[in-house]
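**Q** I'd like to ask you about the structure that follows.
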Amino acid sequence: MERFIKTSLQNKVWIVTIDRKDALNAMNYEVLQELDLVLKALIKTKNIGAIIITGAGDKSFIAGADIKIMKKLDKKTAYEFSKLGQKVTNRIEQSIKPIIAAINGYAFGGGCEISLACHLRFASENATFSQPEVKLGLIPGWGGTQRLPKIVGIARATEMILLGNIINSEKALNIGLVNAVFPKKTLMNNVMNIVDKILLNG
Ligand code: DAK
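Numbering (the numbering used here), first residue to last: 21 to 222.
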């Protein structure tokens, strides 16, 4: 039984919700591990068309890796935490089923990187994006340095990674970081409609 990951099935689409609202769905070791196990199982499940990843609450998709626990990590545990984040993002990217991010608020740091690993990204109007690791003396460690430039181009990616600035959903759409932006209340319905259309195809 997962503590931080909630799943629900609608037709052939699994909705996977990261639910750690008191920390704006920031990802600690447990969250990452549960997400990895849930995705591993769902991707293998027969008769599943697609998976949508979203965040619980109306404020945040994922506010990043858990910076409170990251401060306490030593060399070995920091390495393990990084590897686990990379395992999850690789699993998403390599999934044989489409995995779609429904970004309903903050997508910061590792949260932005989870969305970058997804095959499509849709955002609500209140969504904001950032790779603020540089402000903590880090680089995006879960594949963001590689995936972000592929999606938005080297110049935009370098700007985001070096400045650690926050961009809104309109700018995210303009630079191709997200596929479309919808009003907050209709985000999930719109994403479900798009997924349904994908699943009508062969
Ligand atoms: N980690 C832990 N707790 C977080 C959090 C986070 N990332 N983000 C928010 N929270 C917690 C806050 O501490 C607060 O908890 P309490 O104080 O109530 O206990 C609660 O969520 C509500 O947050 P706020 O009160 O701050 O809410 P606001 O709406 O005022 O502000 C905010 C929201 C998202 C703007 C703000 O919370 C914020 O700036 N949060 C930090 C965001 C951030 O910096 N995220 C990126 C983390 S860095 C690597 C591997 C991995 C990574 C890097 C390197 N290597 C391999 C090298 C990954 C790095 C990251 O993801």
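Yeah, the Cβ is synthetic: ideal placement off N, Cα and C, and Gly gets one too.
Just confirm the distance between the C-beta atoms of C132 and S144, as a whole number of angstroms; I'd bet it's less than 8 Å.
**A** In the sequence shown, residue 132 corresponds to position 112, counting from 1. In the sequence shown, residue 144 corresponds to position 124, counting from 1. Actually they do not touch by this definition, with Cβ atoms about 15 Å apart.
**Q** Going by the C-beta, is E100 closer than 7 Å to any heavy atom of the ligand DAK?
**A** Here residue 100 refers to the residue found at position 80 when the sequence shown is read from its first residue. Checking the Cβ of E100 against the ligand DAK gives no.
**Q** What span of residues does the alpha helix (DSSP H) with K103 cover, start to end?
**A** Counted from its first residue, the sequence shown places residue 103 at position 83. Taken as a continuous stretch (DSSP letters only), the alpha helix (DSSP H) holding K103 covers 95-113.
**Q** Can G84 and F128 be called in contact, C-beta distance under 8 Å?
**A** On the sequence shown, residue 84 is found 64 positions in, with the first residue counted as 1. On the sequence shown, residue 128 is found 108 positions in, with the first residue counted as 1. Yes, they are a contact pair.
**Q** Just to check my reading of the structure: T148 and N188 have Cβ atoms closer than 8 Å, yes? What is that Cβ distance to the nearest angstrom?
**A** Start at 1 with the first residue of the sequence shown, and residue 148 comes out as number 128. Start at 1 with the first residue of the sequence shown, and residue 188 comes out as number 168. Their Cβ separation, rounded to whole angstroms, is 6 Å, which keeps T148 and N188 in contact under 8 Å.
**Q** Tell me whether T27 sits in a helix, a strand or coil according to DSSP, three-state version.
**A** Locating residue 27 in the sequence shown gives position 7, counting from the first residue. Looking at T27 - three-state DSSP - the assignment turns out to be strand.
**Q** Have a look at the DSSP bridge pairing and note the partners of F81.
**A** Along the sequence shown, read from residue 1 onward, the residue named residue 81 stands at position 61. None, per the DSSP bridge assignment.
**Q** What is the C-beta distance between I120 and A70, in whole angstroms, given that I count them as a contact (C-beta under 8 Å)?
**A** Residue 120 sits at position 100 when you count from the first residue of the sequence shown. Residue 70 sits at position 50 when you count from the first residue of the sequence shown. Contact flag correct, Cβ pair sits at about 6 Å.
**Q** Determine the direct distance from the alpha carbon of V33 to that of L52, and round the result to whole angstroms.
**A** Here residue 52 corresponds to residue number 32 of the sequence shown, with the count starting at 1. Here residue 33 corresponds to residue number 13 of the sequence shown, with the count starting at 1. Whole-angstrom Cα-Cα distance: 21 Å.
**Q** Counting beta carbon pairs with one atom in the region 30-50 and one in the region 180-194, are three or more of them shorter than 8 Å?
**A** Judged by Cβ distances under 8 Å, the region 180-194 makes no contact with the region 30-50, as fewer than three pairs qualify.
**Q** Any idea if I174 is buried or exposed, counting beta-carbon neighbours within 10 angstroms, 16 or more meaning buried?
**A** As a working mapping, residue 174 is identified with position 154 in the sequence shown. Per the 10 Å Cβ criterion, exposed.
**Q** Is S102 closer than 8 Å to G161 when the C-beta atoms are compared?
**A** Along the sequence shown, one-based indexing puts residue 161 at 141. Along the sequence shown, one-based indexing puts residue 102 at 82. Closer than 8 Å, so yes.
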